[in-house]
Amino acid sequence: AYCKPDIRFIRVDREVDGSIEVPNSSCGFAGELYESNEEGFRTQRTEDGFAAKPEVQTQQRQPSDAEMDELMETLSSKVQSGSS
Numbered sequence: 223a224y225c226k227p228d229i230r231f232i233r234v235d236r237e238v239d240g241s242i243e244v245p246n247s248s249c250g251f252a253g254e255l256y257e258s259n260e261e262g263f264r265t266q267r268t269e270d271g272f273a274a275k276p277e278v279q280t281q282q283r284q285p286s287d288a289e290m291d292e293l294m295e296t297l298s299s300k301v302q303s304g305s306s
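Numbering-wise, the sequence shown is residues 223 to 306 according to the working numbering.
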């Protein structure tokens, strides 16, 4: 699921003659399944069909000292349990 702010969506009527005969997969619809009550991803659009907000960019960060300590402890316990 991507924001794709450069793409304009055009609103169409939901009910038109013959629409019931067209399968969702033929018009580009791809349903998504979410687990553990996830909300999923939604892109808010303006009335003219463009994205209301820019695409979210992932940010790379270094793990904190506490996160590194926890990781090392987990790895160490796995190594010790495997060598018993």
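Cβ coordinates follow ideal geometry from the N, Cα and C atoms, glycine included.
Segment limits, alpha helix (DSSP H) that includes T296: By one-based count along the sequence shown, residue 296 stands at place 74. Looking at the DSSP string, the run of the alpha helix (DSSP H) that includes T296 is 287 to 304.
Give me, in chain order, the residues of the same chain whose beta-carbon lies closer than 7 Å to that of I232; leave out the 5 immediate sequence neighbours on both sides. The residue labelled residue 232 in the question sits at position 10 within the sequence shown. Close CB contacts of I232 within its chain, under the 7 Å cut and outside five residues either way in sequence, are with G271 (chain order).
Would you call the CB atoms of A273 and T280 closer than 8 Å? Mapped onto the sequence shown, residue 273 falls at position 51. Mapped onto the sequence shown, residue 280 falls at position 58. The answer is no: Cβ separation not under 8 Å.
Quick check: the Cα distance between V244 and D235, rounded to an integer number of angstroms? What you label residue 244 is simply residue 22 of the sequence shown in a count that begins at 1. What you label residue 235 is simply residue 13 of the sequence shown in a count that begins at 1. V244 and D235 have their C-alpha atoms spaced approximately 14 Å apart.
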